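Same order as they appear, the protein sequences are chains A and B. Position 118 (the first sequence) corresponds to 456 in the numbering used here; numbering is contiguous. Position 30 (the second sequence) corresponds to 32 in the numbering used here; numbering is contiguous.
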Amino acid sequence: MIRKLLFIRKFKTGDWLIITLSSFLIVLSMFMWWDLPDGKYIEIEKGQSTLGTYSINQDRIILVDGQIGQSQIEIKNGKARIKKSPCRKQYCVHQGWVNKKNQMVVCLPNYVSLFIIGDKKNYDSINY
Amino acid sequence: MTQSIIKISKSDHMIAKLSAIAVALAIIDFFIPSPIPGVKPGIANIIILFTIYKYDFITGVWVSLLRVLVASMILGTFLGPTFFLSLMGAVMSLLSMYFLKDINKAFMSVIGLSVVSSSAHVLGQFLVVRLWIIPHDGILYLLPLFLLSSLIFGVVNGLIVENLLARKLNG
């Protein structure tokens, strides 16, 4: 048993240095990128067009007429969600509340999507 | 029968053998199921590190780049986004190895080199992803996770290479 643990001896000073440095970088990157800022506005889109931008701090319910029916978007306590949707699978409703910058809820069947944005909107694209 | 003009040296044979092992490992690597797409042990790096330590750096470069090329052709990702990710990862990890390979062996073993090269692999891939495939900062959310996995698998792979180097291999 002890003999099996002897592989620790193979680690030299430089190895420990690199492992420490790497762990430090990992923790640093966690602090940098896992702490997403809260959003300030929500933007509602239908298809390609923007229907409106609303402050996330003002509680309200927004009704959006989509492609197959009416979606209900609720803003409450600095968070937003799709409360009701006419779509069949209800993925958008089950996603629940979003409040972090750059998060989004998309309802493809109804062409309705809502984005949480900070001060200005970032690009959102996938290109090849 | 025309005679072959190209003289095939002993080192060519060696590169071919080592690349064949690297390709096999890369394909095994491809089929290992992983909870997060992209988090892979990267066992092909074992052979690259072994080559660099046992032979020389240039042989390692050959083995690494042949590995990327042949494995992508077998897996059908040649010239697709995955291929460029893999290529960039390989190039970045080779670069990091180039700068660190001459460090005194008494100070740093192959384990350190393994960790650095696997981290460089991840960082190179993220560079390509961020600049080209998904130009959005949201992708950086995954970076700590990938760096953590590169540290863990880097140590494991390094230990395997260490054991390989300690053995007497024939062939």
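Glycine included, C-beta positions come from ideal geometry on N, C-alpha and C. Owing to the predicted nature of the structure, the values given are computational and were not obtained by experimental measurement.
- Taken in chain order, the members of the stretch 364-394 of chain A whose beta-carbon sits within less than 7 Å of a beta-carbon on chain B are Ile-364, Ser-367, Met-368, Trp-371 and Trp-372.
- A distance of 8 Å or more separates the beta carbons of Ala-73 (chain B) and Ser-95 (chain B).
- Within the same chain, and ignoring the five residues on either side of Gly-91 (chain B) in sequence, the residues whose Cβ sits closer than 7 Å to its Cβ are His-123, Gly-126 and Gln-127.
- Bridge partners of Gly-390 (chain A) according to DSSP: A:Ile-382.
- Using a CB distance cut-off of 8 Å, Met-110 (chain B) counts as an interface residue toward chain A.
- A residue is called buried when at least 16 other Cβ atoms come within 10 angstroms of its Cβ; Arg-419 (chain A) meets this threshold and is buried.
- Of all residues in the stretch 344-357 of chain A, only Phe-345, Lys-348, Phe-349, Lys-350, Thr-351, Gly-352, Asp-353, Ile-356 and Ile-357 come within less than 7 Å of chain B when Cβ atoms are compared, listed by chain position.
- Following the DSSP letters along the chain, one finds Val-118 (chain B) inside the alpha helix (DSSP H) bounded by residues 112-130.
- Under the three-state reduction of DSSP, Val-41 (chain B) is assigned to coil, being neither helix nor strand.
- Fewer than three Cβ pairs drawn from the stretch 26-36 of chain B and the stretch 96-116 of chain B lie within less than 8 Å of each other, which leaves the two stretches out of contact.
- Within 10 angstroms of the beta-carbon of Gly-82 (chain B) lie fewer than 16 other beta-carbons, which makes it exposed.
- Residues of the stretch 62-91 of chain B with a C-beta atom less than 8 Å from some C-beta of chain A are Pro-83, listed in chain order.
- Linking Asp-139 (chain B) to Phe-59 (chain B) through their CA atoms gives a straight-line distance of about 35 Å.
- Around Ser-6 (chain B), the same chain offers no residue with a beta carbon nearer than 7 Å, after the five sequence neighbours per side are excluded.
- Contact with chain A is absent for Leu-97 (chain B), since none of that chain's Cβ atoms lies less than 8 Å from the residue's Cβ.
- In this structure, DSSP gives Ile-7 (chain B) a state outside helix and strand, which the three-state scheme calls coil.
- At a beta-carbon threshold of 9 Å, the residues of chain A lying near Tyr-143 (chain B) are Trp-371, Trp-372 and Leu-374, ordered along the chain.
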